[in-house]
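In full-length UniProt numbering, the protein residues as written are 47 to 348. Yeah, the Cβ is synthetic: ideal placement off N, Cα and C, and Gly gets one too.
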Ligand code: G3I
């Protein structure tokens with residue numbers, strides 16, 4: 047196959063990208079995105095501050111622009127994200143305790159009912175673990191009680207039973223890291239107690255501090271062995287190593303329940319990291335990079 051999406055589909059997987067609503071008028075951007083990718087994540091437009099700017103008043107204008115563009119072009123959508131300590135609107139940042147807990151529940155219900163039946167995977171909870179000690183990250187949500195994550199998942203299941211429900215985080219790629227083990231233990235506990243969780247998202251933002259490690263395949267297969275899908279949800283690699291991109295792709299392809307890969311932007315100039323780190327598969331002029339070819343070849347060899 048000659049595109050990433052079609053090549054991934056040969057093994058029943060998808061290949062996705064993050065899309066920004068503000069760039070849907072850029073024809074180079076939409077041409078590449080439409081040609082190469084078959085799973086779409088809104089980079090910011092379905093987050094809490096975007097969708098519920100005032101309590102109880104939902105705004106899906108930009109989320110719907112991305113959703114409609116994706117569906118009109120035959121693509122599926124990953125929803126990102128419903129419960130997170132960042133990008134909370136001001137009104138939510140000022141809440142605590144039971145009123146914050148209720149606001150989280152109401153937010154999940156409001157957004158998921160708008161998109162009911164339309165979203166393949168939802169990142170229900172994002173980045174809830176501490177970066178170093180393997181425990182929970184301190185946040186206003188965490189201070190509402192340790193059960194906030196399972197409450198979020200139970201709420202999400204009831205709101206849209208058709209959506210697959212994911213826990214999504216960064217720096218859970220390296221199997222030897224305490225944070226990875228913390229998330230692994232939570233997923234194992236949720237599966238053993240029947241808390242509804244269907245997938246784990248490995249964001250996979252790789253750089254020199256959190257570098258790709260060959261134990262990544264062990265991480266993917268270990269989560270999958272718990273009975274959840276695994277998705278690579280926000281892939282970018284600072285420096286843009288074609289070999290590392292190939293390794294990541296091959297590690298996903300080696301695990302049947304690794305369902306797909308999403309890169310966090312189209313061209314280097316679209317990256318949250320800035321174009322100078324060369325983190326993505328297309329350069330800032332829209333040309334395919336060596337990393338693109340290595341990913342495509344790996345997908346075609348599967
Ligand atoms: O839209 C406003 C614009 O009106 C304003 O002029 C401009 C001035 O700074 O800010 C614009 O909003 C920015 C937005 O990106 C759109 O560009 C926000 O300030 C900025 O904070 C926001 O950054 C996003 C970041 O999440 C916020 O946490 C990045 O685009 C987005 O790529 C990044 O994505 C996250 C994932 O959601 C979760 N995992 C990590 C990943 C990378 O940080």
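Residue 243 sits in coil when the DSSP states are folded into three classes, being neither helix nor strand. Between ligand 1 and residue 216, a heavy atom-to-CB distance of less than 7 angstroms is present.
Residue 77 counts as exposed, since fewer than 16 other C-beta atoms from the protein chains shown sit within 10 angstroms of its C-beta.
With a cut-off of 7 angstroms, the C-beta of residue 153 is classified as distant from ligand 1, since no heavy atom of the ligand falls inside that distance. When the Cα atoms are used, residue 190 and residue 183 turn out to be separated by approximately 12 angstroms.
Separation of residue 119 and residue 49 (C-alpha to C-alpha, rounded to the nearest whole angstrom) is 15 angstroms.
Beta-bridge pairing by DSSP links residue 85 to 62 and 122. A residue is called buried when at least 16 other Cβ atoms come within 10 angstroms of its Cβ; residue 210 meets this threshold and is buried. Of 100, 291, 229 and 94, the smallest CA-CA separation from residue 126 is found for 94.
Under the three-pair Cβ rule at 8 angstroms, the region 252–259 does not count as touching the region 198–213. Residues of the same chain with a CB within less than 6 angstroms of the CB of residue 129, apart from the 5 flanking positions on each side, are 150, 171 and 198 in chain order.
By alpha-carbon distance to residue 294, the top candidate from 315, 261 and 222 is 261. Look at residue 108 here: in three-state DSSP terms it is helix.
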